[in-house]
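Q: Here it is, the structure, as structure tokens.
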Amino acid sequence: MNRYQKLLGTQYISKQSTIRLWLMRNRPNAAVTAAKAAVETARINLAYTKVTSPISGRIGKSNVTEGALVQNGQATALATVQQLDPIYVDVTQSSNDFLRLKQELANGTLKQENGKAKVSLITSDGIKFPQDGTLEFSDVTVDQTTGSITLRAIFPEPGSHSAAGYVRARTSGRRA
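Here the sequence shown is numbered in the working numbering, starting from 107 and rising by one per residue.
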């Protein structure tokens, strides 16, 4: 290539020929660089194929089959993961019952743990859940159609006593 560059100044070789020779000489290097870029792109794409859940729990049925094309932000979730520890239980209660509960909490007539009402859970088959939970919060609005308020209780789940499905929650009785 150096010989051709020297000849370029003497007009024994055209500039176009020099450029063509330079391109032919560097074509293999460009092919190697392009191949390296393709490998790096494949590595990046492969990293996106592993999907992990931000929470631990139990996965339900898959909504997408293996090998299906999925995209970021698509409307269909790949699957749903149910968090098992702790368990969140949302309970609806009439506004009158809620006001009564607030009064009992203020009076100290309900069993409490760290200032929160203790709640027991009865599963759909009538068995009491082994762990008691606490009443964590209530919604700030009343559902206009039903006149009810949503309360949330949290239950620890150290074992495999899954309480998925419909349950009944009951505030623990009067303090002894």
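C-beta: ideal position from N, C-alpha, C; glycine also.
Enumerated in chain order, which unbroken segments of the alpha helix (DSSP H) with a length of 4 residues or greater are wholly contained in the region 175-225?
A: Within the region 175-225, the complete alpha helix (DSSP H) runs of at least 4 residues are 201-213.
Q: Less than 8 Å between the beta carbons of Val195 and Phe243, yes or no?
A: Their beta carbons are not under 8 Å apart, which means Val195 does not touch Phe243 by this criterion.
Q: How is Ile233 classed by DSSP in three states: helix, strand or coil?
A: Correct three-state label for Ile233: coil.
Q: Measure how close the beta-carbons of Gly239 and Leu227 come, nearest whole angstrom, since I'm counting them as under 8 Å.
A: That pair is a contact at about 6 Å.
Q: Determine the direct distance from the alpha carbon of Leu205 to that of Arg281, and round the result to whole angstroms.
A: Model confidence at Arg281 stands at a pLDDT of 39, short of 50, so the residue's coordinates are unreliable; what they give is reported in the following sentence. Using only the alpha carbons, I get a separation of about 19 Å.
Q: Helix, strand or coil for Glu242, going by three-state DSSP, please let me know.
A: Reduced to three states, the DSSP call for Glu242 is strand.
Q: Under 8 Å, with one C-beta from each stretch per pair, do the region 167-177 and the region 245-260 reach the 3-pair mark?
A: Judged by Cβ distances under 8 Å, the region 167-177 makes no contact with the region 245-260, as fewer than three pairs qualify.
Q: Classify Lys167 as helix, strand or coil using the three-state DSSP reduction.
A: Three-state result, Lys167: strand.
Q: If we ignore side chains and look at the alpha-carbon of each, how far apart do Ile233 and Arg274 end up?
A: Approximately 10 Å, taken between the alpha carbons.
Q: Counting only the same chain and skipping the five closest in sequence on each side, list residues whose C-beta sits under 7 Å from that of Asn169.
A: The residues are Thr182, Ala183, Leu184, Ala185.
Q: Straight-line CA distance for Ala144 to Leu127?
A: Going from the Cα of Ala144 to the Cα of Leu127 covers about 26 Å.
Q: Would a C-beta distance cut-off of 8 Å place Gln199 and Gly163 closer than the cut-off?
A: Against a cut-off of 8 Å, the Cβ pair of Gly163 and Gln199 comes out as no contact.
Q: Need the endpoints of the beta strand (DSSP E) that Thr256 sits in, please.
A: First-last of the beta strand (DSSP E) with Thr256: 254-261.
Q: Does Thr147 pass the burial test, meaning 16 or more other C-beta atoms within 10 Å, or should it be called exposed?
A: With fewer than 16 other Cβ atoms within 10 Å, it is exposed.
Q: Would you mind working out which of Thr277, Tyr272, Arg131, Val157 sits nearest Ser230, comparing C-alpha positions?
A: Looking at the Cα atoms, Tyr272 is the closest of the given residues.
Q: List the whole-angstrom C-beta distance separating Ser201 from Val157, where the pair is believed to meet the contact cut-off of C-beta under 8 Å.
A: At roughly 42 Å, the Cβ-Cβ gap does not stay under 8 Å, so Ser201 and Val157 are not in contact.
Q: For Thr158, report the span of its beta strand (DSSP E) as first-last.
A: From DSSP, Thr158 is part of no beta strand (DSSP E); its letter is neither H nor E.
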